[in-house]
Amino acid sequence: MRRWEQYFTPQSLEEAIFLLDKYKGAGKIIGGGTDLIPQFRDNKEESKYLVDVTQIPEMKEISLLEDSFVIGGAVTHAQLAGSQDVYNYAQVLAEATVCVGSPQIRNMGTISGNIVNAQPAADGAIALTALDAQVHITSADGEKVVPITELYRGVGKSKVDSTIEVISKIEFKKIDKVQNVSSAFERLASRKALALPMVNVAVCLKTTGGQFDWARIAIGPVAQMPFRPFLIEDELRGMPTDEESIRIIAEEVSQLVQPRSSKLRGSADYRKEMVKVLVGRALMKAIARLGSEPY
Amino acid sequence: MTVLKMKLNGKQVEVEIKPSDLLLNVLRDKLGLMGTKEGCGEGDCGACTVILDGETVTSCITPALKAMGKEVITIEGLSDGKELHPIQKAFVEYGAIQCGYCTPAMILSAKALLDKNPTPTREEIKTAISGNLCRCGGYEYIIAAIQSLIKP
Ligand SMILES: Cc1cc2nc3c(=O)[nH]c(=O)nc-3n(C[C@H](O)[C@H](O)[C@H](O)COP(=O)(O)OP(=O)(O)OC[C@H]3O[C@@H](n4cnc5c(N)ncnc54)[C@H](O)[C@@H]3O)c2cc1C
Ligand code: FES
Ligand code: FES
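Protein chains in written order, with my numbering: chain C, 1 to 295; chain W, 296 to 447.
Given below as structure tokens:
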């Protein structure tokens, strides 16, 4: 196992940025370490200075504002899965984060690590993609805000350079039933715990008078990054929210995606079929949640 | 070298470590606490589970310095040296231990659950131990042992 030389635990974002700036590329942010430490173990990581952001108070908060959420960059999956606010106003994120790994992994792993590790089926990132999350990235040069969909360079490759940049917080509009907006997450895996998804799907949608106003659909792992079928999302505006339309939409999405065959995660054909099933289910579930009955 | 200060099983300890040490190795190799086991070393099997500030973590992928100033509980911290802890007793009584390799970690996952939620449902128990693999496969006995601790 390759090892880092020094380990810092700054108490503020400024201090974290200062350290990264000081080491000019030889340092790196660590959150829970659930991706990074195994990478050291596999000799794939060689940063000399680790900067742990999990003790920075403002990065550990979940804030529900008037019409949006602000999630601190070091918030863990367990925090999100256990938050009543998230359950009420961003259910897709609660449902996705409770699927991550195991209780231990959820206690350690952070939402920013899930984004920067850039796996195309990372559960938290799939949910945030459907939520159209805006990611706040801070470096010595200042802060920028980038939509999550623009943060990917390829499988396992993020545009966030965690040797110089920190995700300080993540923001998205709250999902409010009162405004006819709802969300849902569906996942297929070989076991209920400690199994990476064969397919996962997150949706957020708004309806008006029995028709789709808009819907955002995020699917993994069917492309190099969390996949949004933008064309189909455009087409479905104004379509009725009945079973027949959902069947058509799910079929079209399934035609569009190009999953790869994997010995662990199933053949391409099987996964295409499962994309259809899961997209259908997620849409149905989100729509049912707008009804008066709890779903 | 650097000094890790933490509250370990109720006592304040100071131990000299390398900044790159993992919590598992500090516990086993520097502090001689062999109850914490290494299985996979990758966060998958849960054999190395300890409780860090009330939450279970897999110590094999936890940098030791994450415990700085915090409270760590390992299996050695449960019994007072004379009597077994009630969870340990229940595991013995219900035959929830076969080879025993997963047991210390399994008991700590049960403890973290019961400390927060003294009346868990069967589903909640299953979730709480879902990150602890038992290669002997005696899950039903483990669940029964934990259920026996729920006070009506
Ligand atoms: C046993 C096991 C099971 C798992 N199961 C799942 C699963 O089911 N679903 C899933 O999606 N993932 C899973 N994972 C992967 C992992 O737990 C998640 O991706 C987790 O969210 C990573 O977060 P972290 O804080 O641990 O990241 P770290 O390992 O700390 O960091 C990962 C990367 O992100 C960067 N980074 C971290 N925080 C920041 C920040 N604030 N700003 C900038 N860069 C940052 C780091 O520099 C590093 O490059 C699993 C991992 C393990 C070990
Ligand atoms: S040894 Fe740590 S999880 Fe397997
Ligand atoms: S008792 Fe043998 S691994 Fe669980």
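Think of the CB as a built atom: it goes at the ideal place given N, C-alpha and C, for glycine as much as any other residue.
Neighbour flag for residue i against chain W, beta carbons, 7 Å
{"i": "threonine 34 of chain C", "result": "yes"}
{"i": "leucine 193 of chain C", "result": "The identity of residue 193 of chain C in the sequence shown is alanine, whereas the question assumes leucine. Yes - at least one Cβ of chain W is within 7 Å of the one on alanine 193 of chain C."}
{"i": "asparagine 107 of chain C", "result": "yes"}
{"i": "tryptophan 4 of chain C", "result": "yes"}
{"i": "proline 112 of chain C", "result": "In the sequence as displayed, the identity of residue 112 of chain C is serine instead of proline. Answer no: the Cβ-Cβ gap between serine 112 of chain C and chain W never drops below 7 Å."}
{"i": "glutamine 134 of chain C", "result": "no"}
{"i": "proline 57 of chain C", "result": "no"}
{"i": "tyrosine 7 of chain C", "result": "yes"}
{"i": "glutamine 91 of chain C", "result": "no"}
{"i": "proline 197 of chain C", "result": "no"}
{"i": "serine 102 of chain C", "result": "yes"}
Candidates the options, of which the one nearest residue i by Cα
{"i": "lysine 302 of chain W", "options": "W:Glu388, W:Gly433 and W:Leu326", "result": "W:Leu326"}
{"i": "arginine 2 of chain C", "options": "W:Pro314, W:Lys306 and W:Val308", "result": "W:Pro314"}
{"i": "methionine 108 of chain C", "options": "W:Val352, W:Ile312 and W:Thr297", "result": "W:Val352"}
{"i": "proline 399 of chain W", "options": "W:Ile441, W:Thr369 and W:Arg323", "result": "W:Thr369"}
{"i": "glutamate 435 of chain W", "options": "W:Cys397, W:Lys411 and W:Tyr389", "result": "W:Tyr389"}
{"i": "methionine 284 of chain C", "options": "C:Gln211, C:Gly266, C:Asp21 and C:Ser261", "result": "C:Gln211"}
{"i": "isoleucine 37 of chain C", "options": "C:Trp4, C:Gly238 and C:Phe69", "result": "C:Trp4"}
{"i": "glycine 124 of chain C", "options": "C:Arg216, C:Ala81 and C:Glu243", "result": "C:Ala81"}
{"i": "lysine 411 of chain W", "options": "W:Glu309, W:Ile445 and W:Asp324", "result": "W:Ile445"}
{"i": "threonine 344 of chain W", "options": "W:Arg323, W:Ile441 and W:Gly364", "result": "W:Arg323"}
{"i": "alanine 215 of chain C", "options": "C:Asp269, C:Cys204 and C:Glu61", "result": "C:Cys204"}
{"i": "leucine 131 of chain C", "options": "C:Val201, C:Tyr152, C:Gln79 and C:Ala118", "result": "C:Val201"}
{"i": "glycine 31 of chain C", "options": "W:Ile382, W:Ala385 and W:Lys361", "result": "W:Lys361"}
{"i": "glycine 433 of chain W", "options": "W:Cys397, W:Thr416 and W:Glu311", "result": "W:Cys397"}
{"i": "arginine 41 of chain C", "options": "W:Lys421, W:Asp316, W:Gly341 and W:Thr297", "result": "W:Asp316"}
{"i": "alanine 195 of chain C", "options": "W:Cys340, W:Glu350, W:Leu408 and W:Thr357", "result": "W:Cys340"}
{"i": "lysine 306 of chain W", "options": "W:Gly364, W:Ile424, W:Glu419 and W:Pro447", "result": "W:Gly364"}
{"i": "isoleucine 232 of chain C", "options": "C:Ser245, C:Gly238, C:Ile249 and C:Pro226", "result": "C:Ile249"}
{"i": "glutamine 55 of chain C", "options": "C:Glu66, C:Ala74 and C:Val98", "result": "C:Ala74"}
Cutoff 7 Å: residue i Cβ touching any chain C Cβ
{"i": "proline 381 of chain W", "result": "no"}
{"i": "leucine 360 of chain W", "result": "yes"}
{"i": "glycine 330 of chain W", "result": "no"}
{"i": "alanine 440 of chain W", "result": "no"}
{"i": "proline 399 of chain W", "result": "no"}
{"i": "threonine 369 of chain W", "result": "no"}
{"i": "glutamate 350 of chain W", "result": "yes"}
{"i": "isoleucine 356 of chain W", "result": "yes"}
{"i": "glycine 433 of chain W", "result": "no"}
{"i": "glycine 390 of chain W", "result": "no"}
{"i": "glycine 372 of chain W", "result": "no"}
{"i": "glycine 426 of chain W", "result": "yes"}
Buried versus exposed, by CB contacts within 10 Å (16 or more), residue i
{"i": "lysine 300 of chain W", "result": "exposed"}
{"i": "arginine 248 of chain W", "result": "There is no way to answer for residue 248 of chain W, as the model of chain W reaches only from 296 to 447."}
{"i": "tyrosine 295 of chain C", "result": "Unreliable positioning characterises tyrosine 295 of chain C in this predicted model, as indicated by a pLDDT of 43, which lies under 50. A coordinate reading is not provided."}
{"i": "valine 178 of chain C", "result": "exposed"}
{"i": "valine 92 of chain C", "result": "buried"}
{"i": "asparagine 180 of chain C", "result": "exposed"}
{"i": "cysteine 394 of chain W", "result": "exposed"}
{"i": "glycine 266 of chain C", "result": "buried"}
{"i": "glutamine 11 of chain C", "result": "exposed"}
{"i": "methionine 329 of chain W", "result": "exposed"}
{"i": "serine 158 of chain C", "result": "buried"}
{"i": "leucine 264 of chain C", "result": "exposed"}
{"i": "isoleucine 312 of chain W", "result": "buried"}
{"i": "aspartate 375 of chain W", "result": "exposed"}
Whole-Å CB distance - residue i paired with residue j, under 8 Å assumed
{"i": "alanine 96 of chain C", "j": "isoleucine 71 of chain C", "result": "So it is not a contact: roughly 13 Å between Cβ atoms."}
{"i": "serine 182 of chain C", "j": "alanine 286 of chain C", "result": "5 Å"}
{"i": "serine 404 of chain W", "j": "asparagine 427 of chain W", "result": "5 Å"}
{"i": "proline 120 of chain C", "j": "proline 229 of chain C", "result": "Incorrect: roughly 14 Å between the Cβ atoms, too far for contact."}
{"i": "valine 277 of chain C", "j": "valine 253 of chain C", "result": "Not quite, the Cβ-Cβ distance comes to about 11 Å (not below 8 Å), so this is no contact."}
{"i": "arginine 163 of chain C", "j": "leucine 290 of chain C", "result": "What sits at residue 163 of chain C in the sequence shown is threonine, not arginine. Rounded, the Cβ-Cβ distance is 44 Å, inconsistent with contact."}
{"i": "glycine 338 of chain W", "j": "threonine 34 of chain C", "result": "6 Å"}
{"i": "valine 321 of chain W", "j": "leucine 347 of chain W", "result": "Valine 321 of chain W to leucine 347 of chain W, Cβ: 12 Å. No contact."}
{"i": "histidine 77 of chain C", "j": "isoleucine 111 of chain C", "result": "7 Å"}
{"i": "lysine 174 of chain C", "j": "tyrosine 89 of chain C", "result": "4 Å"}
{"i": "glutamate 165 of chain C", "j": "serine 139 of chain C", "result": "4 Å"}
{"i": "isoleucine 437 of chain W", "j": "alanine 391 of chain W", "result": "4 Å"}
{"i": "isoleucine 148 of chain C", "j": "isoleucine 115 of chain C", "result": "7 Å"}
- Could you please tell me which residues of the region 164-189 of chain C, in chain order, have their CB closer than 9 Å to any CB of chain W? none
- Query: In chain order, what residues of the region 255-283 of chain C put their CB closer than 9 Å to some CB of chain W?
  - Reply: none
- Query: Using a Cβ cut-off of 8 Å, which residues of the region 335-346 of chain W contact any Cβ in chain C, in chain order?
  - Reply: Gly336, Glu337, Gly338, Asp339, Gly341 and Thr344
- Query: For the region 9-40 of chain C, which residues have a beta carbon sitting closer than 8 Å to at least one beta carbon of chain W?
  - Reply: Thr9, Ile30, Gly33, Thr34, Ile37 and Pro38
- Task: Report the residues of the region 113-131 of chain C with a CB closer than 7 Å to any CB of chain W, ordered along the chain.
- Result: none
- Item | Under 8 Å (Cβ pairs) to chain C, residues found in the region 413-424 of chain W | Thr422 and Ala423
- Taking any Cβ of chain W, which residues in the region 215-230 of chain C have a Cβ under 9 Å from it, in chain order? none
- Selection of the region 303-330 of chain W by Cβ proximity to chain C, strictly under 7 Å: Pro314 and Ser315
- Item | Contacting positions in the region 46-71 of chain C - beta carbon closer than 8 Å to chain W | Leu50, Asp52 and Thr54
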